[in-house]
Every structure is written in C-alpha cells, then in structure tokens.
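Report on the structure given below.
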Amino acid sequence: MQTMINLVLQSTWQTVVMVFLSTIFSLILGFPIGVLLHVTGSEEHGGIIPHPVFCSIISRIVNILRSFPFLILMIVLMPLSRLIIGTSIGTMATVIPLSIAAAPFVARVIETSLKEVDPGVVQAAKAMGSSNWQIIRKVLIPEALPSLVSGVTLTIINLIGYSAMAGAIGGGGLGDLAIRYGYQRFRPSYMVAAVIIIIVMVELIQFVGDRISARLLAKR
Amino acid sequence: MEIKLRNLKRNYGSLHAVDGVSLDIPSNTVYGIIGRSGAGKSTLVRLVSMLEKPDTGEVYYDDKRVDNLSKEELMQERRKIGMIFQNFNLFSSRNAEDNIAYPMEICRMDKDHIKRRTEELLALVGLEGRGKAPISTLSGGQKQRVAIARALAVNPSILFCDEATSALDPQTTRAILALIKEIQKKMNLTVVMITHQMEVVRDACDRVAVLDSGHVVEEGLVSDIFSSPKSSVTKDFLSSLTNVQESVVRWSKEGGHYTLRFRGTKTDEPIISTVSKATGAIFNIRAAGVQNLENEELGIMITDIGPDAETAARAVALLRENGVTVEEDA
Ligand SMILES: Nc1ncnc2c1ncn2[C@@H]1O[C@H](COP(=O)(O)OP(=O)(O)OP(=O)(O)O)[C@@H](O)[C@H]1O
Ligand SMILES: [Mg+2]
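Chains as they are written, first to last, in the working numbering: chain A, 471 to 690; chain B, 762 to 1091.
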C-alpha cells in the first residue's frame, strides 16, 4: 500500500512537472506563431500586416505538424531530446517533444482568439496612429485576453492527455504508471488511481481557467 | 485645417467604390458627406483619413500632400486627426478613462499630463466622474461621448465622423450633434461628417456633398442644397426628410403635384397670394411646414395649382422669378 501511494505521488509530480514545463515552452513557441498567423492574414479577417505568401507558408507548416499523430511525432523528435538533454527517456526528455507537438495547436488557438477581436476596434487604433507592435500589445492581446485564457486552459488539458500518452514510451508520469503497473502487471488499482488523478487534474484546470476567464469578462 | 481632394479613385476589383472625387473642405466647418448605403462614403473617408491609399488622386491637408507618406510619417500624421465611428469602436478591455488615455499613451506622453487631460476631456463631453466605468455599462450616447473624448485627446485639427449617430435614437443623436458642433467651435476643428441621414446634415452641417455611386453629384451650402436641390438623389433625401418630419403638416393624402421651397426671408412674404392675384391661379395646398436649418428657415409647401395647366405654368414661372424653387411631379 505504502509503495503504491509513493509511486502514485511520484508519478503525479512527474506529470505536473511535465505538463507545467511543456505548457510554458509550447506557449513560448506557439504564441508568436499564432500572432504572426493572425497579423499577416487577410485584411478582411483583421490582419494588420497582410502577407499572403508568408501567412500561407506558416499555416501549411502548422497544419502538417498538427496532422502528425502525436506518438509518431514523439518518436521522430527523440533524437532532438538526446541532443538537448542528453537522454531520450524520462520526464525531462519528454518535455521537448510535448512542447513541440503542442506548439502548432497553441498557434491555432491563439490565432482563433485574436480573430475574434472586433476589426473596427483595430481600425480605430490604426487611425489613431498606433504602430503594429502597439496594436498587438495594447489592443489585440488585451481585447482577446478572456478568450486567450480559455485557449491556454484547453492547451493545458490537451497536454495532460499527451503527457499520459508520452508515458507509453517511457516518459514517466501517470500514464507510464497506468501502463506499467496497471496494464502490464495486472494491477487495476494503479490504473484506477492514475485515471482518477488525471480526471481530477483536468477538472481542476478547467475550473480555474473558467473562473479566470469569467473574472476578466466581468470587469468589462 | 483645410482638406483638398483631387480626383480620388479607389476600385475594389471591377467596382468603382470612389470614382473621381474632388472636393475642397474649408477649415473650421462641419462638412457633411451624404449618400445612400454603398455610395462609397466609408471608402472615401478611409482615403481622406489616410487609412487607405487611393489608386489615383491626391489628398492635401492644408498644402501638405498626405496620400503618399511613408509608414513612419503616416503614423505621425494620423496622430493629428481624430475619428469616431458608428459602432464606437471603444476598447472593451479598458474603462472609459483608459480609452481616452490610449492615443496619448501611444505618443508616449507623460503620465501626469495624461491624467489631467483625461479629466478635462471627460468634463468636456459631460461625463465627469464616470472615468472608471467599464465600457459595457455605458449607454450608446455615453459610449459615443467617450469616443469623442478619445478622438480629441491629442488636440487634432480634423475630426472624422463615420455615421457617428446612426446607432443612436433621435434625442441622443441631437445631443451628440450639439456636442460635436460645440466642440467644433471651441477647438476650431474641421469636422467631416459622413451620414445617410438628411436630419444630420440639416442639424449639424454648414456645407454638404452628395455622393452617389462613387461620384459627387452635388455640393454646396446646406441652405442652398435644401432650397434648390439639383440631383434626383438629393431630392430623394429631402423628400424622405419631409415625410418623416412632423414640422410638415399634411392635411390631404392625395394630390400635391408641385413642391415649393421658400428660403429664409421669403418665408415671411405673402408670395402665394401675390402670385394668385397676378395670374389668377388657384392654390390647393396639401401639406406645408417650416424646417429649421443651421442658420436659416426653409418653408415647404406641397400643392396643386389650378384651374388649368396654362395658368399653373404662368404661376410656376412667376414663383420661380420670385426665388421660390418649384418641383413638378412627373
Ligand atoms: N474592403 C472592401 N473590399 C471590397 N469591396 C468593398 C470594400 N469596402 C467597400 N467595398 C464596396 O465598395 C462600395 C462602397 O462601400 P462603402 O462602405 O464605402 O459604402 P458606404 O457609402 O459607406 O455604405 P454604408 O452606408 O452602407 O456604410 C460597396 O459596394 C462595398 O461593397
Ligand atoms: Mg459606411
């Protein structure tokens, strides 16, 4: 019993670290791409620096990366982990493919949120002599903030799911626990514990995300 | 600031949205641009306000050409104009005072100055003490007041209003127009007022240009255009005005072959009886009323003239001689 609790706690912690770090890295990678996708898009959809060629090139890349099945992407990216972290197994090594796999998703989520901003408001900001950078930083992002928060919530929840899959190829965390103990060693209690904790995590993140988003909207 | 437009053209594909517009908008006036939906008003205002570049033609502010500026110059020049819109286009992420502060923030003005100026502007538009209000809690009229304050924050010399009152009810429209006129005088602004409502032109503008399918079909003093409209578009706009205006009393639904328009002083003269006596014409008046323009009164009379066509023709000729505009229904 004691070992089970220890193992579950350890795996939970690994999952938390994995999800936390990969959320941050995927945002660092995906956020600027999402902004670029939006601002270089067509004028009718609120693009402020329309550039059809550039936009469609990134858009293509994002789509290709998104259509890769996650497990395959992980395997393809393993050499990269070995290069950066020195190993291709374990929690830290998993963060890299997780972040890269989630980045195109983040980019689309950010792009979609920014597209919701009223183009009239952007035109007003432009008419007042805002630079493009000022429009992004002082208009687009603040105006889209509640929706951006929902997008980040969605990203975290997706990453919890991805991180569980990453467990299957030796990434550690709750997914790993469920497969190694629950499935391969026929200990359903491990499986159940892992699943319950994942459910609780997802619920918790969704709850907090919704609260923050609602709080931001209420101030308007 | 005086604005000069020279042969402006802007096409969207094969559509000539603005098709050779030349106008002189004098400084220190409220200048109306009226036209039906799709006439090209918004496109024209985007060209004049440097939001879009014309395909051909030139835009001058005073004598400075502004349609071919570099990106950097354009940003600087845009900071000297103000603009308000039909949908207000306020930032929902900012409260009233932070909306007003925005144009000053982007010019990197000093914080204390921004604070002081924001208070001043809130008072100017009649919203003292509402600075902290979230935008969604304001009424349409209040939103437009915030938008006006925001547009005036950097002391512009030109204010563009694109359908600024179209989303407001009649009372609020009048209040906002009064505010714009008051501010125009106080700050010596050149106001360019885009609208599809003749009421707005009547209540607020000094001069007006009538736009149709990208062309200016008529231009002049509001009082001239009201008393002697030339184009059919203008006449349409004016008749819609007479129909909705309660100042014109109609006591017969039928008839009304002739529309007579009297200007200013003539409203007081007994022209009808003079003409009637001189020609023997009989007037059967169907509707009549007075409209109050910015500086002048305009009389309107919808009437039939008898007893026969020949007498009527003589009466019309005499009326015209006396400076009355007469329109005959087809
Ligand atoms: N960005 C654009 N792309 C393509 N066509 C456009 C664009 N902007 C305007 N048009 C077209 O140009 C014409 C004039 O449009 P504009 O918006 O200037 O009219 P408007 O007089 O402002 O009408 P409204 O009273 O409805 O606002 C319309 O036929 C419109 O469909
Ligand atoms: Mg328009």
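Just so it is clear, CB atoms sit at the ideal spot from N, CA and C, and this is done for glycine as well.
Closer than 8 Å: residue i CB and nearest ligand 2 heavy atom
i        : result
B/ILE794 : no
B/GLU924 : yes
B/LEU803 : Correcting the residue type first, residue 803 of chain B is Ser in the shown sequence and not Leu. It does: the Cβ of B/SER803 is within 8 Å (strictly closer) of some heavy atom of ligand 2.
B/GLY845 : Before going further, note that residue 845 of chain B is Ile rather than Gly in the sequence given. No, the Cβ of B/ILE845 stays beyond 8 Å of every heavy atom of ligand 2.
B/ILE955 : yes
Counted within 10 angstroms of its Cβ, other Cβ atoms place residue i as buried (16 or more) or exposed
i         : result
A/LYS608  : buried
A/LEU479  : exposed
B/ARG877  : exposed
B/ALA778  : buried
B/VAL994  : buried
B/MET959  : buried
B/VAL1005 : Legend: pLDDT at B/VAL1005 = 40, less than 50; position of this residue unreliable, value from coordinates given subsequently. That one is exposed.
A/GLY641  : buried
B/LEU1002 : buried
B/PHE998  : buried
B/VAL820  : buried
B/ASN850  : buried
A/LEU647  : buried
B/ASP964  : buried
A/SER620  : buried
B/GLU1007 : Only weak support is given to the placement of B/GLU1007: the predicted model assigns it a pLDDT of 46, under 50, and the value that follows is read from those uncertain coordinates. That one is exposed.
A/GLY511  : buried
B/HIS874  : exposed
B/PRO931  : exposed
B/ASP759  : Since the first and last residues shown for chain B are 762 and 1091, residue 759 of chain B lies out of range.
A/MET471  : exposed
B/PRO990  : buried
B/GLN903  : buried
B/ASN860  : buried
B/ILE919  : buried
A/SER481  : buried
Residue i and residue j closer than 9 Å at C-beta
i         : j         : result
A/LEU568  : A/TYR632  : yes
B/VAL969  : B/ILE794  : yes
B/ARG855  : B/ILE896  : yes
A/SER659  : A/VAL576  : no
A/LEU615  : A/GLY516  : no
A/LEU547  : A/ILE559  : no
B/ARG807  : B/ASP973  : no
B/ASP828  : B/ASN772  : no
B/CYS922  : B/VAL971  : no
A/ALA571  : A/ILE503  : no
A/THR485  : A/LEU644  : yes
B/ILE955  : B/LYS802  : yes
A/ILE627  : A/ALA638  : no
B/GLY1060 : B/GLY1050 : yes
B/GLY843  : B/ARG911  : yes
A/ALA597  : B/ARG839  : yes
Paired residues, beta bridge with residue i - DSSP
i         : result
B/THR804  : DSSP output for B/THR804 lists no bridge partner at all.
B/VAL1087 : B/LEU1021
B/VAL971  : B/ILE795, B/GLU979
B/VAL779  : B/ARG771
B/GLU819  : B/ARG767
B/MET921  : According to the sequence provided, residue 921 of chain B is Phe. The question's Met does not apply to it. Answer by DSSP bridge pairing, in chain order: B/MET844, B/VAL953.
A/LEU497  : Per DSSP, none; premise fails for A/LEU497.
B/ASP785  : B/LYS765
Beta-carbon neighbours of residue i, restricted to chain E and to distances below 9 Å
i        : result
A/GLY590 : Any reference to chain E falls outside this structure, whose protein chains are A and B.
Any non-hydrogen atom of ligand 1 closer than 8 Å to residue i Cβ
i        : result
A/GLU514 : yes
B/ALA800 : yes
B/LEU784 : no
B/ALA778 : yes
A/TYR653 : no
B/TYR822 : no
B/LEU972 : yes
A/LEU632 : Going by the sequence as given, residue 632 of chain A is Tyr instead of Leu. For ligand 1, not one heavy atom lies less than 8 Å from the Cβ of A/TYR632.
A/GLY511 : no
A/GLY640 : no
B/GLY774 : yes
B/ARG797 : yes
Just list the alpha helix (DSSP H) runs in the segment 822-871 of chain B, keeping only unbroken ones of 4 residues or longer that don't cross its boundaries, in chain order. 832-839, 857-867
Which runs of the beta strand (DSSP E) at least 3 residues long sit entirely within the segment 610-639 of chain A? Give them in chain order. none
Could you pull out every unbroken beta strand (DSSP E) segment of at least 3 residues lying fully inside the segment 1032-1078 of chain B, listed in chain order? 1043-1053, 1058-1067
Alpha helix (DSSP H) runs contained entirely in the segment 517-584 of chain A, provided each spans 4 or more residues: 522-537, 540-555
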